[in-house]
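Q: Take the sequence shown: its letters are residues 396 to 572, numbered as in the numbering used here.
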Amino acid sequence: MKEEEKIIEVKAKLNFEEYLRLNFSLLLRSKMVWLSIFLATMLVVMLLEKRIIDGEWADSELKLGLLLSLMVFLFLVLPILTYLRTKTYFENNPSLSELTTFYFEPERIEVVTLESHTTLTWRRIYKIREFKHYLLIYQNRHIAYVVPKKSFDTLSDMEIVKDMIRTKTKLGHKLKS
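Set out below in structure tokens:
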């Protein structure tokens, strides 16, 4: 059997810590978070400029209040909300923590759980995202299958799957080599 015709079987089971780490990784890649950090940096620069030019804080109480509010939101509220949302979602969706078997075949991907069996053709994959520890395969904008890289039997199996993605979809450029 040719390597590209080989069927790769991956059995994966996520625990809460892994799912939480993935959600924080997604959060840190969010454009909104980076925009907020940029705005906070600009406010700091504006406050320092006002201090240097005028020699005093003058009317910077509003700017300082905005900066503090943004910092509290970014570094306290947002992580807490992300943790709580992730915990609730993980607890309310038992399919996240159950054993999932992925069959990567030349024509399709089959996803089998205790209660479901889904078949995705390669052309129906909406998006692929690769992280250090995970491969996310999006069925649509909102539904992604999480494939932990540690679940592959060998590094060679993971490379075969990446090659399938590169050759069967137009999303291969999103993968790390």
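Note that the Cβ used here is the ideal one computed from N, Cα and C, for glycine as well.
Let me know if SER546 comes out buried or exposed under the rule of 16 or more other beta-carbons within 10 Å of its beta-carbon.
A: Buried.
Q: Assign MET553 to buried or exposed, taking buried as 16 or more other Cβ atoms, counted over all protein chains shown, within 10 Å of its Cβ.
A: It counts as buried.
Q: Cβ of TYR540 within 8 Å of Cβ of ILE402?
A: Not a contact, by the Cβ cut-off of 8 Å.
Q: Using only CA atoms, which one of ARG519, THR483, ARG561 lies nearest to GLU525?
A: Nearest C-alpha to GLU525: ARG561.
Q: Hey, quick one: how far does the beta strand (DSSP E) through THR508 stretch, first residue to last?
A: Run containing THR508: none; DSSP gives neither H nor E here.
Q: Between THR516, GLN534, THR513, SER511, which lies nearest to LYS393 when the distance is taken from Cα to Cα?
A: Outside the shown range of the chain, which is 396 to 572, sits residue 393, and nothing can be said about it.
Q: Within the segment 468-501, note down every full beta strand (DSSP E) run reaching 3 residues or more, in order along the chain.
A: If we require 3 residues or more, the beta strand (DSSP E) runs fully inside the segment 468-501 come out as 495-499.
Q: Alpha carbons only, please: which of LEU473, THR513, PHE433 is nearest the one belonging to LEU421?
A: Measuring from the Cα of LEU421, the nearest candidate turns out to be LEU473.
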